[in-house]
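Chemist: Sharing a structure below in structure tokens format, with a few things to ask.
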Amino acid sequence: MSAQLGGQPILILKEGGSRTRGRDAQSMNIAAAKAVAGAVRTTLGPKGMDKMLVDTIGDVVITNDGVTILKEMDIEHPAAKMMVEVAKTQDDEVGDGTTTAVVIAGELLKKSEELLEQDVHPTVITLGYRQAAEKAQELLKGIAVDVKAKDKEILSKIAGTAMTGKNAEASKDKLCDLIVRAITLVADADGTVDTENVKVEKRVGGAIEDSEIVEGMIIDKERVHPGMPKTVKNAKILLLNAAVEYKKTEVDAEISITSPDQLQMFLDEEERMIKGIVEKIKASGANVLFCQKGIDDIAQHYLAKAGIFATRRVKKSDMEKLARATGGALISSIDAISGDELGIAGLVEERKVGGEEMIFVEKCKNPKAVSIIIKGGTEHVVDELGRALEDALRVVGVVVEDKKVVAGGGAPEVELSLRLREYAATQGGRIQLAIEAFASALEIIPRTLAENAGLDPIDKLVELRAAHEKGKKTFGLDVFKGEPVDMWKEGVVEPLRVKTQAIASAAEAAVMILRIDDVIASARSAGPSPEEMAAMGGMGGMGGMPPGMM
Numbered sequence: 001m002s003a004q005l006g007g008q009p010i011l012i013l014k015e016g017g018s019r020t021r022g023r024d025a026q027s028m029n030i031a032a033a034k035a036v037a038g039a040v041r042t043t044l045g046p047k048g049m050d051k052m053l054v055d056t057i058g059d060v061v062i063t064n065d066g067v068t069i070l071k072e073m074d075i076e077h078p079a080a081k082m083m084v085e086v087a088k089t090q091d092d093e094v095g096d097g098t099t100t101a102v103v104i105a106g107e108l109l110k111k112s113e114e115l116l117e118q119d120v121h122p123t124v125i126t127l128g129y130r131q132a133a134e135k136a137q138e139l140l141k142g143i144a145v146d147v148k149a150k151d152k153e154i155l156s157k158i159a160g161t162a163m164t165g166k167n168a169e170a171s172k173d174k175l176c177d178l179i180v181r182a183i184t185l186v187a188d189a190d191g192t193v194d195t196e197n198v199k200v201e202k203r204v205g206g207a208i209e210d211s212e213i214v215e216g217m218i219i220d221k222e223r224v225h226p227g228m229p230k231t232v233k234n235a236k237i238l239l240l241n242a243a244v245e246y247k248k249t250e251v252d253a254e255i256s257i258t259s260p261d262q263l264q265m266f267l268d269e270e271e272r273m274i275k276g277i278v279e280k281i282k283a284s285g286a287n288v289l290f291c292q293k294g295i296d297d298i299a300q301h302y303l304a305k306a307g308i309f310a311t312r313r314v315k316k317s318d319m320e321k322l323a324r325a326t327g328g329a330l331i332s333s334i335d336a337i338s339g340d341e342l343g344i345a346g347l348v349e350e351r352k353v354g355g356e357e358m359i360f361v362e363k364c365k366n367p368k369a370v371s372i373i374i375k376g377g378t379e380h381v382v383d384e385l386g387r388a389l390e391d392a393l394r395v396v397g398v399v400v401e402d403k404k405v406v407a408g409g410g411a412p413e414v415e416l417s418l419r420l421r422e423y424a425a426t427q428g429g430r431i432q433l434a435i436e437a438f439a440s441a442l443e444i445i446p447r448t449l450a451e452n453a454g455l456d457p458i459d460k461l462v463e464l465r466a467a468h469e470k471g472k473k474t475f476g477l478d479v480f481k482g483e484p485v486d487m488w489k490e491g492v493v494e495p496l497r498v499k500t501q502a503i504a505s506a507a508e509a510a511v512m513i514l515r516i517d518d519v520i521a522s523a524r525s526a527g528p529s530p531e532e533m534a535a536m537g538g539m540g541g542m543g544g545m546p547p548g549m550m
């Protein structure tokens with residue numbers, strides 16, 4: 001980058017820096033964003049394919065989940081990174097619809113490219129896109145259907161739609177049932193759902209059918225002493241965030257011992273202190289101890305003698321979930337131990353799962369935190385099942401919170417496309433072109449569903465449009481029958497928030513990329529030059545190194 005002054009070039013950028021301007025910059029950014037959308041497009045829908053991602057150390061991830069693919073891909077281009085952000089936002093807000101959001105963003109940019117070639121100014125396009133996105137949100141609320149948070153049939157259909165195409169079809173009914181039960185249990189009285197309170201434990205071994213829900217918690221730990229009982233019924237659980245060991249002084253202090261008798265007295269006193277702590281735990285009525293910190297060897301012996309089931313170094317997140325599941329309180333000091341703050345569970349048991357010991361805290365009265373244990377034949381199957389389950393838990397949680405759903409199978413996109421074209425006609429001017437481009441871009445979803453199922457996308461799109469023009473708002477593409485059907489009757493439903501968020505974030509990303517007309521890239525920072533290395537050596541930085549090391 002340079003400027004001219006009296007025929008003399010003035011360098012502004014450092015050597016090696018680059019600048020791309022105007023249409024070139026826009027074309028480059030749009031091409032990068034389209035490439036990202038193209039990478040995930042084939043995974044969309046029930047007949048979407050999977051991607052195998054291999055990282056630098058050879059670890060393999062096989063997935064159909066848009067955000068996982070984009071996170072695992074080593075993306076360099078700045079515009080492409082913006083598309084990854086779209087997927088991440090969608091994942092954080094709703095948990096599903098990540099591929100949809102990225103594919104719509106890519107298509108919006110593709111359509112804008114056609115308008116740029118017709119000399120429509122980027123500002124006009126961005127204004128039209130913003131108007132269309134706002135109108136789309138309004139129209140979506142109009143086609144959404146209210147559902148009851150306790151309608152388990154609808155919740156099960158929502159979970160089923162989220163898991164379709166993610167290797168979970170074989171035992172979809174079983175998994176949907178687990179998900180709906182889990183969300184129903186952890187939902188708070190005010191209708192909010194924090195899916196963090198559903199712990200998903202993955203274990204290789206057995207079949208998907210063997211997956212189960214535990215109305216309580218599964219802790220990936222074992223008891224600290226073999227002398228402790230393996231099973232405790234009617235458990236009174238103490239959740240302790242303090243070490244069960246003798247107290248060390250807070251300040252630096254030195255104890256001077258001058259005779260063997262004093263040493264013995266000192267050791268006896270230590271043991272007496274620990275025994276006192278265990279007595280305190282026993283006196284509270286607790287027969288199970290979950291400790292976030294350490295448990296001393298002597299304490300383990302006394303706890304085992306007292307018949308108390310204990311485990312140590314439990315994660316903070318697990319302690320919080322245990323408190324929600326058992327109704328107990330987290331106690332941060334040995335002196336604060338009391339029987340009033342104990343949690344209650346019908347059964348605490350150590351069991352072997354997939355060759356590893358785990359602690360099951362079950363039969364909790366009204367657990368506000370639960371665990372799902374999923375099993376599968378191989379590690380990759382279990383990992384992908386875990387991702388499908390996380391997505392489904394999130395969308396069911398969203399429906400319990402929002403109580404609004406729309407039909408799936410591309411039905412909302414076709415309906416929006418038709419209504420936005422009608423809206424565009426009322427606007428006039430060049431903005432009309434941008435709104436029409438937005439309307440056409442939304443049709444990429446049914447078109448992709450058809451392509452991924454090996455159907456003719458144009459034929460299917462025409463059939464879908466015809467159905468919607470007759471007022472059949474819930475008609476979407478059934479990729480198995482290869483024809484438009486009523487998605488509501490087929491049970492293909494999605495939360496309203498999946499669609500509103502996907503369209504909003506896709507439009508925002510497209511607008512942001514379109515508004516860039518200048519890309520100024522700094523020179524890449526290389527390692528220090530030989531001169532700098534020599535200077536560092538002279539300064540004593542590497543002077544002491546043998547020549548072979550440099």
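Using the UniProt record's numbering, the first residue of the sequence shown is number 1, and each one after it goes up by one. All residues carry an ideal CB built from backbone N, CA and C; glycine is no exception.
#1: For Met545, collect the residues of the same chain with a Cβ closer than 6 Å to its Cβ; drop the 5 residues on either side in sequence, then sort them by chain order.
#2: Reducing DSSP to helix, strand and coil, say where Gly17 ends up.
#3: For Met487 and chain B, any beta-carbon pair shorter than 8 Å?
#4: Within 10 Å of its beta-carbon, does Phe480 have 16 or more other beta-carbons around it, so buried, or fewer, so exposed?
#5: So, are the CB atoms of Glu341 and Ala329 less than 8 Å apart?
#6: Do you know how far the Cα of Ala507 is from the Cα of Ala369?
#7: With 16 other CB atoms within 10 Å as the buried threshold, where does Ala79 fall?
#8: Using 8 Å as the threshold, is the C-beta distance between Lys221 and Val84 below it?
#9: DSSP on Thr426, reduced to helix/strand/coil?
#10: Tell me whether His225 is buried or exposed, calling it buried when 16 or more other Cβ atoms sit within 10 Å of its Cβ.
#11: With a Cβ-Cβ cutoff of 8 Å, do Val511 and Met28 count as a contact?
#12: Taking Cβ to Cβ, would you say residue 604 is nearer than 8 Å to Ala149?
#13: Under the DSSP definition of a beta bridge, which residues are partnered with Val361?
#14: Which of the three DSSP states, helix, strand or coil, is assigned to Met545?
#15: Throw me the rounded Cβ distance for the Val278 and Leu303 pair, which I believe falls under 8 Å.
#16: Quick one: Cα of Gly276 to Cα of Ala323, how far?
#17: DSSP three-state call for Gly540: helix, strand or coil?
#18: DSSP state of Asn234, grouped into three classes?
#19: Just tell me which of Val399, Pro412 and Leu178 has its CA closest to the CA of Lys499.
#20: What does DSSP give as the partner residue(s) for Phe475 in the beta ladder?
#21: Span of the beta strand (DSSP E) holding Lys404?
#22: Is it right to say Gly307 is buried, meaning 16 or more other beta carbons lie within 10 angstroms of its own, or is it exposed?
#23: Which residue or residues does DSSP assign as beta-bridge partners of Val145?
#24: Can you name the start and end residues of the alpha helix (DSSP H) that Arg497 belongs to?
#25: Could you check the C-alpha separation between Thr20 and Lys472 for me, to the nearest Å?
#26: Taking Ala504 and Ala133 to be in contact with their CB atoms under 8 Å, please state how far apart those CB atoms are, rounded to whole angstroms.
#27: Alpha carbon to alpha carbon, how far is Ser18 from Val40?
#28: Compute the distance between the beta-carbons of Leu389 and Ile372, then report whether it is under 8 Å.
#29: Between which two residues does the alpha helix (DSSP H) carrying Lys47 extend?
#30: Contact between the region 347-354 and the region 391-407: three or more CB pairs below 8 Å?
#31: Can you pull the DSSP bridge partners for Val94?
#32: Any contact of the region 127-144 with the region 398-418, i.e. 3+ C-beta pairs under 8 Å?
#33: How would you call Val462, buried or exposed, if buried means at least 16 neighbouring beta carbons within 10 angstroms?
#34: I need the DSSP call for Lys460, collapsed to helix, strand or coil.
#35: Measuring only the C-alpha atoms, how far is Leu229 from Val67?
#36: Please state whether DSSP places Asp518 in a helix, a strand or coil.
Modeler: Put simply:
#1: Only weak support exists for where Met545 lies, its pLDDT of 44 falling under 50; the coordinates are left without a value.
#2: coil
#3: Annotation note: the requested chain B is absent from the structure, which comprises a single protein chain.
#4: exposed
#5: yes
#6: 37 Å
#7: buried
#8: no
#9: helix
#10: buried
#11: no
#12: Lying outside 1 to 550, the shown extent of the chain, residue 604 is not represented and no answer is given.
#13: Met217 and Val348
#14: Summary for Met545: the model assigns pLDDT 44, below 50, so the residue's position carries little reliability; its value from the coordinates is reported in the next sentence. In this structure, Met545 counts as coil in the three-state DSSP scheme.
#15: 6 Å
#16: 25 Å
#17: Per-residue confidence for Gly540 stands at a pLDDT of 46, beneath the threshold of 50, marking its modelled position as unreliable; the derived number appears in the next sentence. Correct three-state label for Gly540: coil.
#18: strand
#19: Pro412
#20: Asp486
#21: Lys404 to Ala407
#22: exposed
#23: Val405
#24: Leu496 to Leu514
#25: 48 Å
#26: 6 Å
#27: 30 Å
#28: yes
#29: No alpha helix (DSSP H) holds Lys47; DSSP gives it neither H nor E.
#30: no
#31: DSSP output for Val94 lists no bridge partner at all.
#32: yes
#33: exposed
#34: helix
#35: The amino acid at residue 229 is misidentified as Leu; the sequence shows Pro. Their backbone Cα atoms lie some 44 Å apart in a straight line.
#36: strand
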